[in-house]
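Here is the structure we will look at.
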Amino acid sequence: MSEEPSELSESAKPAEVSEPSKASKVAEPSGAAEPAGASTAAEPSADRPPTPQQPSPAAATQAATATPGAAASVAAPPRLQAPPPRQAPPPHPGGPWQPPVKRPSATARLRPAAPPPAPPAVLAAVLATAVLSALLLGDGLGVNLLIVAVPAALAAAFAARAAGRRLRPWTATWAVGGLALLAVPALRDAGWPTFLALVSAFALGSLALHGSRSWPGVLMGSVGIFDSIGPGVRWGWLGVRERADDSRGRWATAVRTTAVALALLVVFGTLFASADAAFADLLGSLIPDVSIVDGPWRTFLFLVGLVGALAAARTAAAPVRWDGLTVKPGKPRARMEWALPLIVLNLLFAAFITLQLVVLLGGYEKVREATGLDHAQYARQGFWQLLWATLLTLLVIALALRWAPRGSARDRTLVRAVLGTLCVLTLVVVASALRRMDLYVDEYGLTRLRISVAAMELWLGTVFVLILAAGVFGARFLPRAIAVSAAGAVLAFGLISPDAVVAEQNVRRFEDRGSIDLDYLRDLSADAVPALDRLPEPQRSCALRTVQRELRGSDSPWYATSWGEARAAEILRERPVSVDRGTCYGLGTDGVREGEREGEQGGYERDRDEYDPY
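Using the numbering used here, you'd call the opening residue of the sequence shown number 1 and step up by one each time.
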């Protein structure tokens, strides 16, 4: 192949050239010898494409110097870059080659970051709670609940302070309310107000730890402490392990000091007790009676106190944000579609209330002529229906608010007018139900069931008043206000001593009419003793002999004895019962039980004298 003169301009030259010269030539064939140090572009071979190469800096400089005029007009040759590597598409979640993607649950999204391990103050308060639970709670309920609650509350306070949480007004309200409810077992002997107080105290304590304010927050926050049982145990264990690693020597010192102190107390306490009988009695009343037989039960109470205190402290340090749970509002309805059924319901309520006002204002004779029912039958027939009507009205209001139109001021005014009228009419229904209960009690006497449902009806009336206030001032505080009203109702119900109220009403009814149901009254708790003590003999002894037998057989220590029990024991110690079983048989079986036979739920159809040991 012979060389040919180059007719190409500089712009047509390849990017790689041989040594620069004044007469530019095309590259030689691949078979010709190349000058040393030159970067020559070979012709493409038959089996591979040409490979572009970058010119050396010296060659580019010399080419620009040889042809200055052309260098100005020649653009820089384009660089050929390799294409970016082709990326595979991301795998489809849950595809055949990938494990399914786990999305966090609703509760996990509400959880804050895990707090640091439990500090020493929290661990000490938790241990005190567990020890006091094992020592005091095994003999019954009384002031011991308040004693155990104090270190548990301190553990939660220490944990909250370590986590940087501040005490807020609503938190203090829930905490004070919970402690006040724990005073009910210390004051009253009846078991059913005590149970309600314990459940309410637990709910308020959980709300104090969570600080909830919305409807989902208040409902879930009242039981949210159960969610911290497992994390609380792990959190406490991490705190113990960290403190043990940091202070191994101090743990041994603390154990030796405690052992020496206990040994001194046992030795000198035994000597002083044997030297003075009064001091021995004092120690016997103060120190819990712990035996090997009670070991499993005491161990269980220790674990309950330990786990409960850890759960409370862990919740105070990092509570679940239950307020983050939201309920999607319903689709707003048209005005007529939403309001027309409620207006019809309001008219029905108004018609019913008109008839009730006629009865309450003295028109009962006309009703009796039409129905043939006396006062008691008329009251019993309608009370339970009115109670259910009150409960269902709350459900209707909740559903109506879900679908209420709320786009304009006229819509909001319509909602307030229709639902406000329904609440006012329902309050009149509540008053009618309470009036019916009053007629029923006047005829047959008061019982636990009757006073309970009357108290519930009163609380429902309070709820409707709060709903009316929320329609005027806003519903921001409505969930917490209703929770406070429920706790206040339970506290008031326990403090008034329902058994004492039942006994007082029946004693007064006996003084007025001479009829009494002793079979029912003798099953009341020790709270009823002061009222039943006013009965003449033999009714007094027949009503109190069961309570006296229970009090004489009880050996509960001071911390497991309520004030009602102590007062009843003192009264019966001064004036013990003085009749036998034969005198009481068949005495005072009318009144309350007669009303039960006529249809009230939970009736007493059995004769307790058949199995009474007296």
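Note that CB positions come from ideal geometry on N, CA and C, so glycine has one too.
Every value quoted in this text rests on a predicted model; they were computed, and no experiment measured them.
When C-beta atoms of the region 470–489 are compared with those of the region 208–215, three or more pairs fall below 8 Å, so the two segments count as touching.
Rounded to whole angstroms, the gap between the alpha carbons of Phe473 and Leu392 is 24 Å. From the listed residues Leu524, Asp523, Val507, the smallest Cα separation to Ile516 is found for Val507. If you look at Thr426, you'll find it in the alpha helix (DSSP H) that goes 409–444. Between the beta-carbon of Pro498 and that of Arg435 there is about 20 Å, and that puts the pair past the 8 Å contact cut. Residue environment: Ile496 is assigned as exposed (fewer than 16 neighbouring CB atoms within 10 Å of its CB, all protein chains considered).
Of the residues assessed, Asp512 falls on the exposed side of the cut-off, its CB having fewer than 16 other CB atoms within 10 angstroms. At the C-beta level, Pro120 and Arg243 come within 8 Å of one another.
If you compare the alpha carbons of Pro332, Ile467, Pro117 with that of Leu422, the shortest gap goes to Ile467.
For Glu550, the enclosing alpha helix (DSSP H) stretches over residues 539–552. Annotation for Leu182: Leu145, Leu146, Ala149, Ala201 place their beta carbon closer than 6 Å to its own, counting only its chain and skipping 5 residues before and after. In the DSSP assignment, Pro193 falls within the alpha helix (DSSP H) that extends over 191–210. Beta-bridge partners assigned by DSSP to Asp533: none are found. The beta carbon of Thr299 lies closer than 8 Å to those of Ala134 in the same chain, with the five residues before and after it left out. Excluding residues up to 5 positions away in sequence, Asp499, Ala500, Ala503 lie with their Cβ nearer than 6 Å to the Cβ of Ala528 in the same chain. Taking the C-beta atoms as reference points, Leu518 is found no nearer than 8 Å to Gln505. The criterion of a C-beta distance shorter than 8 Å is satisfied by Ala163 and Ala318. Each residue's CA atom was taken as its position, placing Arg522 and Cys584 some 11 Å apart.
Cβ atoms of Val184 and Gly494 come within 8 Å of each other, at about 4 Å.
Cβ neighbours of Ile451 within its own chain (closer than 8 Å, five residues either side excluded): Pro498, Val501, Val502. In this model, Ala483 and His210 are separated by some 14 Å (Cα to Cα).
Between the alpha carbons of Leu198 and Ser408 lies a gap of roughly 45 Å. Selection Ala159, Pro193, Ala311, Val143 evaluated against Phe226 yields Ala311 as nearest (Cα-Cα).
Fully enclosed alpha helix (DSSP H) runs of no fewer than 4 residues occupy 120–136, 144–162, 169–181 of the region 119–181, in order along the chain. CA-CA distance, Gly178 to Met336, rounds to 45 Å. In terms of Cβ geometry, Ala487 and Val429 do not form a close pair [threshold 8 Å]. By the C-beta density criterion, Gly308 is buried, having at least 16 other C-beta atoms within 10 angstroms.
Annotation for Gly142: Pro185, Ala186, Tyr559, Ala560, Thr561, Ser562 place their beta carbon closer than 7 Å to its own, counting only its chain and skipping 5 residues before and after.
Burial is judged here by how many other beta carbons sit within 10 angstroms of a residue's own beta carbon; Trp174 has at least 16 and is buried. Taking a C-beta distance under 8 Å as the contact criterion, Leu123 and Gly236 qualify as a contact pair.
Shown here for Thr462: same chain residues with a beta carbon closer than 8 Å to its own, the five before and five after excluded, namely Ser485, Ala489 in chain order.
Look at Asp517 here: in three-state DSSP terms it is strand. Residue state for Val260 is assigned as helix, using DSSP reduced to three classes. Taking a contact as a CB-CB distance under 8 Å, the pair Pro576 and Gln548 counts as one, their CB atoms being some 7 Å apart. CA-to-CA, the gap between Leu238 and Trp297 works out to about 27 Å. Of Glu537, Ala492, Pro536, Ile397, the smallest CA-CA separation from Arg188 is found for Ala492.
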